[in-house]
Ligand SMILES: [Zn+2]
């Protein structure tokens, strides 16, 4: 079994514009078009059984719209392969985060995804800390972490969150720091959180990726593609080219994901 724990999806109408924006933000070409059909096709082609899907809200008003959209896609995919599991999103400036978190739970979403650099607030902003208190012990929180150009998602900030909420099931994406994976080690080596390998191996190289997995421990690592930036089927080939043991590979490809989703 293979679960991709990091995929962004967009409604067909706005996918082209959203993908263009991400490409401009990261100044790299996007491999895919950001639509559900495109993601599902890559899963079928590459043998990926399930995608954990989400989308971040640039403004507070988008939060309920995005959460409804993700829930509707998950529902629409029921009984189809690959399957989709959804995460919602939140925004620092939303008026009533507590009731939106309740709604996220009612919609069947398993947690939330934040992208502090694109959402333009600090991971450890006071208002965000109040929201993590509501998520702790209840929902998964996936954090984009790290960008050499900004401080919003700096590993030091996420480390503060982890210290304040030790029972929060947190995933620090991109080996804990996009473009900062080596620096991230200083902060996360001895803290309890998960990591995904998305948008990382092209930058770290295979040898360093293998080292990072071994330093953190395979039981803390999740496979992810960062669709639409990369094609999930190609990411799986790239991941499978790492010289891991079979037991490590199984943990990263699905066992850890099932465990934190409460299914394993
Ligand atoms: Zn992401």
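Numbering (the working numbering), first residue to last: 249 to 512. Using N, Cα and C, we set each Cβ at its ideal position, and we do this for glycine too. Keep in mind the model is a prediction, meaning the values are calculated, not measured.
Quiz item: With a Cβ-Cβ cutoff of 8 Å, do residue 292 and residue 259 count as a contact?
Solution: In this structure, residue 259 does not lie closer than 8 Å to residue 292 by Cβ.
Quiz prompt | Selected residue, minimal CA-CA separation from residue 335, among 253, 366, 328 | solution = Closest in alpha carbon position to residue 335, among 253, 366, 328, is 253.
Quiz item: Can you list, in chain order, the residues of its chain whose CB lies under 6 Å from that of residue 423, leaving out five sequence neighbours each side?
Solution: For residue 423, same chain residues with a beta-carbon under 6 Å away, outside a window of 5 residues either side, are 429, 443, 448, 460 in chain order.
Exercise. Identify whether residue 424 lies in helix, strand or coil by the three-state DSSP scheme.
Key: The three-state secondary structure of residue 424, taken from DSSP, is helix.
Self-check item: residue 421 Cβ short of 7 Å to ligand 1 heavy atom set
Solution: Answer for residue 421: yes, Cβ within range of ligand 1.
Quiz item: Counting along the chain, where does the alpha helix (DSSP H) carrying residue 412 start and finish?
Solution: 403-412 is the span of the alpha helix (DSSP H), which, as asked, contains residue 412.
Quiz item: Buried or exposed: which applies to residue 419, given that a residue is buried once 16 or more other Cβ atoms fall within 10 Å of its Cβ?
Solution: Buried: at least 16 other Cβ atoms inside 10 Å.
Exercise. Taking residue 374 as the reference, give the member of 341, 498, 280, 463 with the closest Cα.
Key: Nearest neighbour of residue 374 by Cα position, chosen from 341, 498, 280, 463, turns out to be 341.
Exercise. Could you check the C-alpha separation between residue 412 and residue 270 for me, to the nearest Å?
Key: Distance between the alpha carbons of residue 412 and residue 270 is about 31 Å.
Practice problem: Could you say which of 360, 287, 346 lies nearest to residue 314 if we only look at CA atoms? | Solution: In this structure, 360 is the residue among 360, 287, 346 with its C-alpha nearest to the C-alpha of residue 314.
Quiz item: Who are the near neighbours of residue 506 in its chain, counting only those whose CB is closer than 6 Å to its CB and skipping five residues on each side?
Solution: So the list reads 512, once near-sequence residues are dropped.
Quiz item: Just curious, the alpha helix (DSSP H) that residue 382 is in, first and last residue?
Solution: Looking at the DSSP string, the run of the alpha helix (DSSP H) that includes residue 382 is 374-383.
Quiz item: Which residue's Cα is closest to the Cα of residue 389: 376, 493, 398?
Solution: The closest CA to that of residue 389, considering only 376, 493, 398, is found on 376.
Quiz item: Do three or more CB pairs link the region 300-314 to the region 353-367 at distances below 8 Å?
Solution: Judged by Cβ distances under 8 Å, the region 300-314 makes contact with the region 353-367, as three or more pairs qualify.
Practice problem: Give me the Cα-Cα distance between residue 417 and residue 439, rounded to the nearest whole angstrom. | Solution: So the two alpha carbons sit approximately 12 Å from each other.
Quiz item: Count the other CB atoms within 10 Å of the CB of residue 277; is the residue buried (16 or more) or exposed (fewer)?
Solution: Flag for residue 277 reads exposed.
Practice problem: Round the Cβ separation of residue 396 and residue 427 to the nearest angstrom and send it over; I've been treating them as touching at under 8 Å. | Solution: About 4 Å; that satisfies the 8 Å criterion.
Quiz item: Alpha carbon to alpha carbon, how far is residue 333 from residue 453?
Solution: Separation of residue 333 and residue 453 (C-alpha to C-alpha, rounded to the nearest whole angstrom) is 29 Å.
Exercise. Please state if the CB of residue 347 and the CB of residue 371 are separated by a distance shorter than 8 Å.
Key: No. Outside cutoff.
Quiz item: Based on Cα-Cα distance, which residue from 484, 479, 435, 508 lies nearest to residue 283?
Solution: Nearest option by C-alpha distance: 479.
Quiz item: Would you say residue 257 and residue 322 are within 8 Å of each other, going by their C-beta atoms?
Solution: No, the pair does not count as a contact, with Cβ atoms beyond the cut-off.
Exercise. Could you pull out every unbroken beta strand (DSSP E) segment of at least 3 residues lying fully inside the region 296-380, listed in chain order?
Key: Scanning the region 296-380 from its first residue to its last, the whole beta strand (DSSP E) runs of 3-plus residues come out as 298-302, 331-334, 359-362.
Exercise. Report the rounded CA-to-CA distance for residue 380 versus residue 356, giving the unit in angstroms.
Key: Going from the Cα of residue 380 to the Cα of residue 356 covers about 18 Å.
Quiz item: Should residue 301 and residue 484 be called a contact, given that it needs their Cβ atoms to be closer than 8 Å?
Solution: No, these two residues do not count as a Cβ contact at 8 Å.
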